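Engineer:
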Amino acid sequence: MDSYTKIAEKMLARSDLMAVARETLEDQISFLEGELAETGETSGGRRAKLQLKIEDTRHRLRALYEEMERMDRGYAVLTEYQKDLLEKFIVHRTKDCVEELSEIHCKERSALYRDRKKALETFTMAVYGAL
């Protein structure tokens, strides 16, 4: 099993997709609710299937919201410098981020990697309470 730090790193890596996923799930719910409203009362089997799909989609949306809230808790404890490190190294995987960060923050390469590790550990502890 992955350590919590690896799990947190994976969470950060897909964070850009979470907003898109939220919109997609919200759109699916609206579409399915529209379909349900148009379904006649005599279409019992169809109505039941649509209601199950709606409930499943709402469940996935709640799980996504919970993950986004955990991520917000993790970001809340970080300094702006730490956020910048995680966003460039992990979230956006910015090309040449080491050189860019080194220039912006006046840090050597080894210090950036050490600080990245510390930022990820801080984020992980805030999100999961463990490393």
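Everything in the sequence shown is counted per this note's numbering, starting at 1061 for the first residue and increasing by one.
In this text, a Cβ means the ideal position worked out from N, Cα and C, and glycines have one as well.
From a predicted model like this one, the values you see are computed outputs, not experimental measurements.
1) When the Cα atoms are used, what is the spatial distance from residue 1069 to residue 1150?
2) Taking just the CA atoms, how far does residue 1105 sit from residue 1144?
3) Please report how far the alpha carbon of residue 1075 lies from the alpha carbon of residue 1169, in whole angstroms.
4) Assuming residue 1081 is part of the alpha helix (DSSP H), what are its boundary residues?
5) Buried or exposed for residue 1175, going by 16 or more other Cβ atoms inside 10 Å?
6) DSSP state of residue 1177, grouped into three classes?
7) Between residue 1079 and residue 1088, what straight-line distance do the alpha-carbon atoms span, to the nearest angstrom?
8) Examine the Cβ distances between the segment 1128-1142 and the segment 1183-1191 and report whether three or more of them are shorter than 8 Å.
9) Alpha helix (DSSP H) containing residue 1144: first to last residue?
Structural biologist: If we stick to the structure as given:
1) Counting from 1 along the sequence shown, the entry for residue 1069 is found at position 9. Counting from 1 along the sequence shown, the entry for residue 1150 is found at position 90. So the two alpha carbons sit approximately 7 Å from each other.
2) Position 84 of the sequence shown, counted from the first residue, corresponds to residue 1144. Position 45 of the sequence shown, counted from the first residue, corresponds to residue 1105. Approximately 52 Å, taken between the alpha carbons.
3) Taking the sequence shown and counting its residues from 1, one reaches residue 1075 at position 15. Taking the sequence shown and counting its residues from 1, one reaches residue 1169 at position 109. Using only the alpha carbons, I get a separation of about 25 Å.
4) Residue numbering aside, residue 1081 sits at position 21 when the sequence shown is read from its first letter. 1075-1098 is the extent of the alpha helix (DSSP H) around residue 1081.
5) For the purposes of this step, residue 1175 is taken as residue 115 along the sequence shown, with counting starting at 1. Classification of residue 1175: buried, given that the 10 Å Cβ count is 16 or more.
6) Counting from 1 along the sequence shown, the entry for residue 1177 is found at position 117. Judged by DSSP in its simplified three-state form, residue 1177 adopts helix.
7) On the sequence shown, position 19 is the one that residue 1079 refers to. On the sequence shown, position 28 is the one that residue 1088 refers to. Answer to the nearest angstrom: the Cα atoms are 14 Å apart.
8) Look at the beta carbons and you see the segment 1128-1142 touching the segment 1183-1191: at least three pairs across the two are nearer than 8 Å.
9) Sequence index remark: in the sequence shown, residue 1144 carries index 84 (1-based). Per DSSP, residue 1144 belongs to the alpha helix (DSSP H) from 1140-1146.
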